[in-house]
Amino acid sequence: MASSYHKKVLGNGLTVLGETNSSNVSCAIGYFVRTGARDETAAESGVSHFLEHMMFKGTPSRSALEINLELGNLGAQANAFTSEENTVYYASVIPESFRAMQELLSDMLRPSLDPGEFDMEKKVILEEIALYQDRPHFYLFENALKDYFGKHGAGNSVLGSHESVSAITQPQMVDYFRRRYSPSNMVLCATGNFNWDQFVADAERLTASWTDESTSRMLLRHSGKTSNVRYQKKNLNQCHAFLVSEGPSAQDPERYPLAILATIMGDSGGSRMYWELIDRGLAESASVDSDERDGCGCFTAYVSTTADKLDEVVKIARDILASPKNFSDGDLDRAKAKVVSRIVLDGELPMGRLMALGMEWQYRKESTPLRAIIERIQAISRSDIEKALARFPLDTWAEYRLLPS
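For what it's worth, the numbering used here labels the leading residue of the sequence shown as 1, then goes sequentially.
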């Protein structure tokens, strides 16, 4: 049976989306909140991620233990994540547990933010920050994007720093929650085998008390820049390099052809980076990515290798990036096949469609059927890539290296 698409905006401003398919044997549900690191002030740095943790720490009607026990009783595969631009709470369940999961998730989205739980969870967050700072590629990416985007919010840290998180107070978090977790700044989405009418009726009942607040996000373009920055870290076994150029936003039509180009250049297997660097044993890792964000974006390349090979590896990577039109028709066809395969495999499961549907609405206020996305990718031609390169020529690069101290 084909999927059916549904949308309704509730009186409190909450958008409810659904893609029903009775042939699925499971369903997925999630709240997508349009808030993340780029929406934080310097004094709030890290609060979005901290707040995500607090959603599992109790509500006026459930303790943290009761939430965890109920998730287990429902057999839910549930989790959450925070990015630079979104915070998402999601779960996969069998259809019989769908309504109970919707009720639990909706209750969690109005947390107690208990001061005692706040203080305990802050220690967990600080330990997580220390853990991630020990990961070389994370350390490099975070510092590089902060430098590249400068004062633009897209360069804000998701985790925040030890100093910023230590300084966040419980009243600050309550105020941030009130401002950003407004119904009109959220999307409730469900996919798979569920009843749409019941879903909407339950959403209206469960969120009836949610008060809407006016909220916004400043959307500014960011022009690329040239820079050459070196970072140092103790006990590194590898050297790392990260290159950044201006790329398409999540709203730009060029995002599709440049995503295909990134696959041609730097996919994990069979790409130009793979054959020139990985296959030859010059680099431990090498990749290219088009990082599309809200109103802005960047095109990136990453390599890691030994110290004696770093200069050679970076030169080869730069040569590949400097010749983006150097690919065959076979390279283009293989890249499109890879991207389509990933989309199809993700889209077979309700969770994959949940993420695609929710994120697409967050960025573009669209709900594109899976088949239409596949057809759009399959239709990409060399001329489409060349037109995209006319707007995003990938000729201005900022380079960042992480070296042993």
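Yeah, the Cβ is synthetic: ideal placement off N, Cα and C, and Gly gets one too.
Keep in mind that this is a model prediction, so the values were computed, not measured.
query: Which residue from Pro183, Ser97, Arg371 and Phe242 puts its Cα closest to that of Leu403?
result: Phe242
task: Just mark Leu69 as buried or exposed, buried being the case when its beta carbon has 16 or more other beta carbons within 10 Å.
output: exposed
- prompt: Run through DSSP, which three-state label would Lys57 get?
  reply: coil
message: Can you confirm whether the segment 10-21 touches the segment 192-204 when touching is taken to mean that 3 or more C-beta pairs between the two stretches lie within less than 8 angstroms?
response: yes
field: Coarse secondary structure for Val174, derived from DSSP in three states
entry: helix
- request: Quick one: give me the first and last residue of the beta strand (DSSP E) that Leu402 is part of.
  value: Ala398 to Pro404
query: On the three-state DSSP scale, how would you describe Gly192?
result: strand
query: Within 10 angstroms of its Cβ, does Trp210 collect 16 or more other Cβ (buried), or is it exposed?
result: buried
task: Note down the Cα distance separating Ile94 from Ala190, rounded to an integer number of angstroms.
output: 13 angstroms
- prompt: Ends of the alpha helix (DSSP H) at Asn156?
  reply: From DSSP, Asn156 is part of no alpha helix (DSSP H); its letter is neither H nor E.
task: Look at the Cβ atom of Thr35, then the Cβ atom of Ser48, and state whether they are nearer than 8 angstroms.
output: yes
message: Cutting at 6 angstroms between CB atoms, please list the residues of its own chain near Ile125, excluding the five before and the five after it.
response: Phe50 and Val165
- request: Would you grab the beta carbon distance between Ala335 and Ile260 for me? Rounded to a whole angstrom, and I think it's under 8 angstroms.
  value: 5 angstroms
Where the alpha helix (DSSP H) containing Lys7 begins and where it ends: Careful: Lys7 lies outside any alpha helix (DSSP H), inside the beta strand (DSSP E) at Ser4 to Val9.
task: With DSSP collapsed to three states, give me the class of Met92.
output: Note that residue 92 is Ser in the sequence shown here, rather than Met. In the structure shown, Ser92 sits in a strand (DSSP, three-state: E or B).
- request: Pair every Cβ in the segment 334-348 with every Cβ in the segment 305-322, then say whether three or more of these pairs are closer than 8 angstroms.
  value: no
message: Check for me: the beta strand (DSSP E) holding Ile29 runs from which residue to which?
response: Cys27 to Val33
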